[in-house]
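Undergrad: Protein chains in written order, with the working numbering: chain L, 60 to 358; chain D, 60 to 358.
Protein chains: 2
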Amino acid sequence: MLTGVHVVLAGGDARQLEVIRRLTELDATVTISGFDRLDMPFTGVVKADWSPEILADADALLLPAVGTEDDGTISALFTERELTLTDAHVSVLPKSAKVVAGMAKPYLRNLCEKHGLQLVELFERDDVAIYNSIPTAEGAIMMAIQNTDITIHGSNCMVLGLGRSGMTLARTLQGMGARIKAGVRREDSFARAFEMGFKPFYIADLARQSGNIDLLFNTIPTMIVTAQVIAQLPLRACIIDLASKPGGTDFRFAEKRGIKALLAPGLPGIVAPKTAGRIIANSLTQVILEDRGQRGSAS
Amino acid sequence: MLTGVHVVLAGGDARQLEVIRRLTELDATVTISGFDRLDMPFTGVVKADWSPEILADADALLLPAVGTEDDGTISALFTERELTLTDAHVSVLPKSAKVVAGMAKPYLRNLCEKHGLQLVELFERDDVAIYNSIPTAEGAIMMAIQNTDITIHGSNCMVLGLGRSGMTLARTLQGMGARIKAGVRREDSFARAFEMGFKPFYIADLARQSGNIDLLFNTIPTMIVTAQVIAQLPLRACIIDLASKPGGTDFRFAEKRGIKALLAPGLPGIVAPKTAGRIIANSLTQVILEDRGQRGSAS
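#1: Applying the criterion that 16 or more other CB atoms from any shown protein chain within 10 Å of the CB defines a buried residue, is Met99(D) buried or exposed?
#2: Residues in the same chain with beta-carbon distance under 7 Å from Ser358(D), minus the five sequence neighbours each way, listed in chain order, please.
#3: Beta-carbon separation of Thr334(D) and Thr210(L) under 7 Å?
#4: Helix, strand or coil: which one does DSSP assign to Asn277(L)?
#5: My parser needs the beta strand (DSSP E) runs of 3 or more residues fully inside the stretch 293-349 of chain L; what are they?
#6: Using a Cβ-Cβ cut-off of 7 Å (strictly less than) and excluding sequence neighbours within five positions of Ser356(D), which residues of its own chain qualify?
#7: Residues bridged to Leu68(L) by DSSP?
#8: Mapping DSSP to helix, strand and coil, what is Met282(L)?
#9: Which whole-angstrom value is the C-beta distance of Ile272(L) and Arg244(L), which I expect to be below 8 Å?
#10: Residues of chain L with a CB under 7 Å from the CB of Met201(D): which are they?
#11: Specify the secondary structure class of Phe101(D) as computed by DSSP and reduced to three states.
#12: Does the stretch 182-200 of chain L come into contact with the stretch 305-313 of chain D, if we say contact requires no fewer than three beta-carbon pairs (one atom in each stretch) closer than 8 Å?
#13: Would the beta-carbon of Asp300(L) fall within 7 Å of that of Leu322(L)?
#14: Report all residues from its chain with a CB closer than 7 Å to the CB of Ile289(D); omit the five preceding and five following residues, and keep chain order.
#15: Got a sec: which bits of the stretch 310-333 of chain D sit with their beta carbon under 7 Å from any beta carbon on chain L, in order along the chain?
#16: Using a C-beta cutoff of 7 Å, does Gly71(L) count as contacting chain D?
#17: How about Ile28(D): is its C-beta nearer than 7 Å to some C-beta of chain L?
#18: In three-state DSSP terms, what is Ala73(L)?
#19: State yes or no: is the beta carbon of Thr231(L) nearer than 7 Å to at least one beta carbon in chain D?
#20: Along the chain, where does the beta strand (DSSP E) that runs through Leu219(D) open and close?
#21: Quick one: which chain L residues come within Cβ less than 8 Å of Asp273(D)?
#22: For Ile79(L), collect the residues of the same chain with a Cβ closer than 8 Å to its Cβ; drop the 5 residues on either side in sequence, then sort them by chain order.
#23: Quick check: is the beta carbon of Glu197(L) nearer than 7 Å to any beta carbon in chain D?
#24: Quick one: list the residues of chain D neighbouring Pro123(L), beta-carbon separation under 8 Å, in chain order.
#25: Starting from the beta carbon of Gly234(L), find every residue of chain D whose beta carbon is closer than 7 Å, and list them in chain order.
#26: For Met60(D), count neighbouring C-beta atoms within 10 Å of its own C-beta (all shown protein chains included) and say buried if the count is 16 or more, exposed if not.
#27: Mind listing which residues of the stretch 246-269 of chain L have their C-beta closer than 8 Å to chain D's C-betas, in chain order?
#28: Shortest alpha-carbon distance to Gly361(D) belongs to which of Met255(D), Gly325(D), Phe257(D), Leu136(D)?
#29: Evaluate the contact criterion for the stretch 115-126 of chain L versus the stretch 150-168 of chain L: three or more CB pairs, one atom per stretch, below 8 Å.
#30: Thinking C-beta only, is Leu221(D) closer than 7 Å to Ser379(D)?
#31: Examine chain D for any beta-carbon lying closer than 7 Å to the beta-carbon of Ile193(L), and answer yes or no.
#32: Might you give, ordered along the chain, the residues of its own chain that have their beta carbon closer than 8 Å to the beta carbon of Gly175(D), omitting 5 neighbours on each side?
#33: Sort out for me which residues DSSP pairs Pro153(L) with in a bridge.
#34: For Gln287(L), count the other beta carbons within 10 Å of its own beta carbon; 16 or more makes it buried, fewer makes it exposed. Which is it?
#35: Find the residues of chain D that neighbour Asp208(L), judging by a C-beta separation of less than 8 Å, and give them in chain order.
#36: Are the Cβ atoms of Leu228(D) and Ala199(D) separated by less than 7 Å?
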């Protein structure tokens, strides 16, 4: 339980609704700002205008998934007003307070550092990245179904990177009846891919492996699907790049060759905002409880 | 091989392109009508205007998936012209010729009967229905991802009917991490559902089983998801009805209760026209070869 813990939510989207619901279930004191267009009633939740005062006794400030922009703007779907995180806000937070976001840009990182506040980037946590890989994989599958004229079943899929997202995606595609080639860098990933019935290969060999691929999913956030690789792909291939912006694909060359290449947006918040909100809520709860020597459950 | 076999294609959509490709690969003589907007070159394929003469020495006439409308109209995506199947056309066909379509409405059925011609409804064949269940399942999954705010993974899915489509869908959803309740009528289906790790129940018990369902997929083509059932569903539930028109759902009551209910269109031709075309091509080949004491391969 979070009895006596004060959490302030500033801005965000549909995911935050699940966070609010969960926090109130756990008896936290919840203040929300940037939700004036929201008419869903949450009992015991205080709606407040965005001002430093509301942060004075906060134990945690939850920002949206992307934290703030580099000018301090906090994205807020449920209000017309502009929310900005300034020095004035952060300086009011108690020194023990945590600033929590999905990820942080330099502006937010600098501000927290300046005021000696702990910044928690939830999406950096291994467990959160694995939970988030589930809606990401489903979103990628949706994109694949929408953008090809064949079924995933029976298709030749390539997954680059068997990390937290790549593993989930490869396993799910395999469950749908696709044949999976997995591009890895490490020997242990090669062995795991083999054990799971994928066809593993080393990334160094990528261009040579790309001859008969229907769908190429990239999860590696460096330029990896180069012009040299794209030149080997059949024209029917579709590239879905899940690596964070700007992705790992030479999109310019793909377009030139007439190969469909898509940079996936942040899929969890789009395809499954409720599930994505639950993941944030569970993780936020754990982050707060960790300090208190308790453990939350992610169920 | 289909050397010496003359197939006439009248109308159709992107699926027919795969059929044309496959028939020419097998060395059939192919005449296509209703494709004047198509500029893809198929070597050895004759484009002809729609007239009875082109049918005079046909071994098979392939109509689109829906056959003809009840006024004889043949849907044709690749032409501006209207194609109509009349008595004049059918009377020219050799008595040994087969008229092949996905399914047939009474108009087409009567016309074939009158002239003593064999009508083959491909989608009625068990094998074709099973192959088609794959793109249908993927289309249903796409609709589920688009129309819910949760992941399929971890969701409570109900599948009504474990026939050719229901089985594929339930198995695929399970592979993605959903919990499956399967509504069946027969003891053997109950046993199979149990064996596969689904939670089986008898359809008679449907209303009582509907309390905690996120996604309800119906494959049974009679009014089964009645107002009484919908009244038991949680408000967050989404109904996806895959049974042929008009489906098996009381859509009016679902709307009244504010529960999302969608009647899926013919999904294979939409989500995977190439795969769907391949299924038709393979099946058509088999139908032609069966008569000649040979067997085609569906690979």
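C-beta atoms are modelled at their ideal positions from N, C-alpha and C, and glycine is treated no differently. Note that the structure is predicted; figures quoted are calculated from it, not measured.
TA: Straight from the coordinates:
#1: exposed
#2: Note on Ser358(D): pLDDT 40, under 50, position unreliable in the model; the coordinate value appears next. Taken in chain order, the list of residues that qualify is empty.
#3: yes
#4: strand
#5: 297-300, 319-322
#6: Caution applies to Ser356(D), whose pLDDT of 48 falls short of 50 and renders its modelled position unreliable; the value that the coordinates give is listed next. Within the same chain, Ser356(D) has no close Cβ partners at all.
#7: Ile91(L), Leu121(L)
#8: In the three-state DSSP reduction, Met282(L) falls in the coil class, being neither helix nor strand.
#9: Not a contact, Cβ separation roughly 19 Å.
#10: Met201, Ile204, Gln205
#11: coil
#12: no
#13: yes
#14: Asp309, Phe312, Ala313, Arg316, Ile318
#15: Val330, Ala331, Pro332, Lys333
#16: Cβ-Cβ to chain D under 7 Å: no for Gly71(L).
#17: In the structure displayed, chain D extends from 60 to 358; residue 28(D) sits before or after that span and is not available.
#18: Helix.
#19: When Cβ-Cβ separations below 7 Å define contact, Thr231(L) makes contact with chain D.
#20: 215-219
#21: Result: empty, since nearest Cβ-Cβ is about 10 Å, beyond 8 Å.
#22: Leu68, Val89, Ile91, Phe101, Val104
#23: yes
#24: Those do not exist, as Pro123(L) stays about 17 Å from chain D at its closest Cβ, beyond 8 Å.
#25: Gly234, Met235
#26: exposed
#27: none
#28: For chain D, the structure presents residues 60 to 358; residue 361(D) sits outside this window and is missing.
#29: yes
#30: Given that chain D is displayed from residue 60 to residue 358, the structure contains no residue 379(D) and the question cannot be resolved.
#31: yes
#32: Lys154
#33: Answer is none; Pro153(L) lacks a bridge partner.
#34: Its Cβ having fewer than 16 others within 10 Å, Gln287(L) is exposed.
#35: Ala73, Ala331, Pro332, Lys333, Thr334
#36: yes
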